[in-house]
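A short worksheet on the structure shown next.
Here's what the structure looks like:
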């Protein structure tokens, strides 16, 4: 990091944290995200408890299972580490991103509680000691968070062509990974794009001030 870049970064943080509305919005964003993760945990446990039988699937029933345990667990870790660096470099983008992700997780939690499919019999085993292994109870299928969240990031950073393509490719890649590991049904992956697109536009309508700040508006 150059001295010039450091000065610009300090100014960005000064502009953001010099605004009471930004600080309030940041507290609200973090709280909302934390609550959504709690909702996700409980919805996963509920869906696992109520899980019924598996169903046949046009892709899973006709493909062999691949050991994608490492990619499934560590792929999102590296992706979100990259996103964290992006947000730390552009603090004005933090609030809208966190609120959009929280809304996504809340919506997915509701869908998970409404669908009680059981795991596909050839599903690859996920390391139970991993964070994702603990968060996923085994019945939280519809819809795929591995596919939807990177696509949400693509929509958020759509104006940056490089980030747009990176996140779209990440979404497609993670969709392929969960299908290769028989960790999600085909409908979980395909529906994720449509549900996520809707979630993004709802977030735009609800969090207008944060969206304006995200895209460089003066209102923080």
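Residue numbers (full-length UniProt numbering): 1 to 220.
Yeah, the Cβ is synthetic: ideal placement off N, Cα and C, and Gly gets one too.
Query	Result
Secondary structure of residue 185, DSSP reduced to three states	coil
Proximal residues to residue 175 (C-beta, below 6 Å), its chain only, five neighbours per side dropped	147 and 189
From 60, 72, 63 and 100, residue whose alpha carbon lies closest to that of residue 30	100
Beta carbon of residue 169 nearer than 8 Å to that of residue 59	no
Sufficient close CB pairs (3 or more, under 8 Å) joining the stretch 96-114 to the stretch 34-46	yes
Residue 76: first and last residue of the uninterrupted alpha helix (DSSP H) it sits in	69-89
Reference residue 102; option with closest CA among 90, 15, 165 and 153	153
Same chain only: Cβ atoms within 6 Å of residue 203, ignoring 5 sequence neighbours per side	100 and 103
Presumed contact (8 Å Cβ cut-off) between residue 214 and residue 151, rounded CB distance	Wrong, their Cβ atoms sit about 17 Å apart, outside the cutoff.
Bounding residues of the alpha helix (DSSP H) (the contiguous stretch that carries residue 154)	145-156
As assigned by DSSP and simplified to three states, the class of residue 173	helix
Proximity below 8 Å, CB of residue 185 to CB of residue 57	yes
Residue 5 - DSSP class collapsed to helix/strand/coil	helix
CB contact flag (residue 191, residue 142, <8 Å)	yes
Residue range of the alpha helix (DSSP H) that includes residue 97	94-114
Residue environment, residue 85, which counts as buried when at least 16 other CB atoms sit within 10 Å	exposed
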